[in-house]
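**Student:**
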Amino acid sequence: MANAIKATIDPAEAKHFGTLAADWWNPKGSSAMLHRLNPPRLAFIREQIDAHWGGDPASFTPLAGKTAIDVGCGAGLLAEPLARMGARVTGVDAAPENIGAAAAHAAQSGLDIEYIAGGIEDLAGRRFDLVTSMEVIEHVADPAAFVAGLAGALAPGGLLLLSTPNRTAISRLAMITIGEGTGMIPRGTHDWSRFLRPEELEPMLADAGLTVIARTGLSFTPGHGFTTGDNETLNYLLAAVAA
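Using my numbering, you'd call the opening residue of the sequence shown number 5 and step up by one each time.
1. Classify residue 156 as helix, strand or coil using the three-state DSSP reduction.
2. Could you pull the DSSP bridge partners for residue 43 from this structure?
3. Would you report the Cα separation of residue 179 and residue 194, rounded to the nearest angstrom?
4. Report, in whole angstroms, the separation of the C-beta atoms of residue 79 and residue 109, which I expect to be a contact under 8 Å.
5. Specify, as a first and last residue, the run of the beta strand (DSSP E) that residue 88 falls within.
6. Buried or exposed: which applies to residue 136, given that a residue is buried once 16 or more other Cβ atoms fall within 10 Å of its Cβ?
7. Nearest CA to the CA of residue 123: which residue from 143, 105, 113?
8. Excluding five sequence neighbours on each side, which residues of the same chain lie with their C-beta closer than 7 Å to the C-beta of residue 218?
9. Given this structure, state the Cα-to-Cα distance separating residue 129 from residue 172, to the nearest angstrom.
10. Are the Cβ atoms of residue 170 and residue 67 separated by less than 8 Å?
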């Protein structure tokens with residue numbers, strides 16, 4: 005079929021993250037780093053949601069009446085906050101183990117979230133007001149095809165939010181040498197050569213018919229932990245809409 009979305013799942017990456025599923029919700033376990041970066045990441049997400057839809061920053065449910073999908077959702081660390089913001093949430097992940105852990109945790113939390121084992125290509129034809137994919141694109145087999153799939157899942161007037169490590173000397177030192185070398189990040193999680201610089205990712209978004217409307221860095225200091233700001237040498241987040 006001419007309009008079929010190209011498969012983007014890397015089986016080796018899916019297997020790696022599947023082995024971490026049972027420990028995903030432990031804030032002191034193998035995914036501790038994700039728990040630590042989630043608050044500033046969520047702050048950026050909320051800021052972009054309010055700006056895009058003109059919401060009230062004081063509202064607890066800025067996504068009421070909206071649909072959202074988190075692509076590469078892991079065990080639901082972002083899907084659950086999106087549901088609490090009022091969205092009808094779908095989470096998709098290549099590792100069935102992650103989907104099992106996500107569904108179990110959502111049930112325990114009293115949240116109605118649709119979880120699907122697979123990739124963005126398994127959702128062809130479905131559209132969502134909000135499309136998120138955090139720390140995922142560096143793990144897929146074909147980043148450009150993945151971006152095209154995300155763009156295809158965006159409903160008219162929708163918002164796309166992405167985050168990914170930057171390919172710099174700082175990210176190699178922090179995430180590979182120190183992070184994986186000391187066990188703070190599970191060994192084998194990252195391949196530095198697959199990190200994308202903003203000047204590489206943004207043309208992919210443009211080719212998929214999207215325009216970047218906001219971008220911020222995500223950095224780490226021992227005194228303040230993870231914070232957003234101008235420093236993009238470790239990681240960055242961006243928001244995009246249909247051009």
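Just so it is clear, CB atoms sit at the ideal spot from N, CA and C, and this is done for glycine as well.
**Tutor:** Let's see:
1. In the sequence shown, the residue the question calls residue 156 occupies position 152. In this structure, residue 156 counts as helix in the three-state DSSP scheme.
2. Numbered from 1 along the sequence shown, position 39 holds the residue referred to as residue 43. Its beta-bridge partners do not exist; DSSP assigns none.
3. The sequence position of residue 179 within the sequence shown is 175, counting from 1. The sequence position of residue 194 within the sequence shown is 190, counting from 1. Going by the C-alpha atoms only, they are around 8 Å apart.
4. As a position in the sequence shown, residue 79 is number 75, starting the count at 1. As a position in the sequence shown, residue 109 is number 105, starting the count at 1. Yes, residue 79 and residue 109 are in contact; Cβ-Cβ is about 6 Å, under 8 Å.
5. Locating residue 88 in the sequence shown gives position 84, counting from the first residue. First-last for residue 88: 83 to 88, but that is the alpha helix (DSSP H), not the beta strand (DSSP E).
6. For the purposes of this step, residue 136 is taken as residue 132 along the sequence shown, with counting starting at 1. Counting Cβ neighbours within 10 Å, residue 136 comes out buried, since at least 16 surround it.
7. Translated into positions along the sequence shown, residue 123 becomes position 119. The shortest Cα separation from residue 123 among 143, 105, 113 belongs to 143.
8. Within the sequence shown, residue 218 is the residue found at index 214, counting from 1. Contacts found: 52, 242, 243.
9. Working through the sequence shown from its first residue, we reach residue 129 at position 125. Working through the sequence shown from its first residue, we reach residue 172 at position 168. One C-alpha to the other measures close to 36 Å.
10. The residue given as residue 170 occupies position 166 in the sequence shown. The residue given as residue 67 occupies position 63 in the sequence shown. Result no, Cβ atoms of residue 170 and residue 67 do not sit closer than 8 Å.
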